[in-house]
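Q:
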Amino acid sequence: MPFTTEQVYHVAKLARLQITKQEMEGYYGQVPRIVEYVSNLQNIDMSNAVARAANTHSNVMRDDEITRQQGPRQREMLLACSPHRAGDYIAIPAIFD
303 MPFTTEQVYH
313 VAKLARLQIT
323 KQEMEGYYGQ
333 VPRIVEYVSN
343 LQNIDMSNAV
353 ARAANTHSNV
363 MRDDEITRQQ
373 GPRQREMLLA
383 CSPHRAGDYI
393 AIPAIFD
């Protein structure tokens, strides 16, 4: 199945890759092989495969408890350590467009 350069750029964008035109030429040849490999994985006979539990742990998280007094001084110390601040909050960069 042939891929267009726009489709390769689109896949790179989905993977959050910023690729140059030279890099795109390399990926352009790899994408059909990757798709073919995944297609071959779908053809594997799994009828004799033994089902295994993916997760045997019930809850490995601790209870969310306050262990000491939290006050305004501790909040200020935390905010002073953060690289970006928005009022009384730590500002972080957006991860969604």
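Residue numbers for the sequence shown follow this note's numbering, beginning at 303 and rising by one. C-beta atoms are modelled at their ideal positions from N, C-alpha and C, and glycine is treated no differently.
#1: Measuring only the C-alpha atoms, how far is M379 from A388?
#2: Along the chain, where does the alpha helix (DSSP H) that runs through T307 open and close?
#3: Would the beta-carbon of V340 fall within 8 Å of that of M326?
#4: Just to check my reading of the structure: S384 and I392 have Cβ atoms closer than 8 Å, yes? What is that Cβ distance to the nearest angstrom?
#5: Given a cut-off of 8 Å on the beta-carbon distance, is the pair V337 and V313 in contact?
A: Judging by the given coordinates:
#1: One C-alpha to the other measures close to 15 Å.
#2: Boundaries of the alpha helix (DSSP H) around T307: T307 to L316.
#3: The answer is no: Cβ separation not under 8 Å.
#4: About 4 Å separates the Cβ atoms of S384 and I392, confirming a contact at the 8 Å cut-off.
#5: No, they are not a contact pair.
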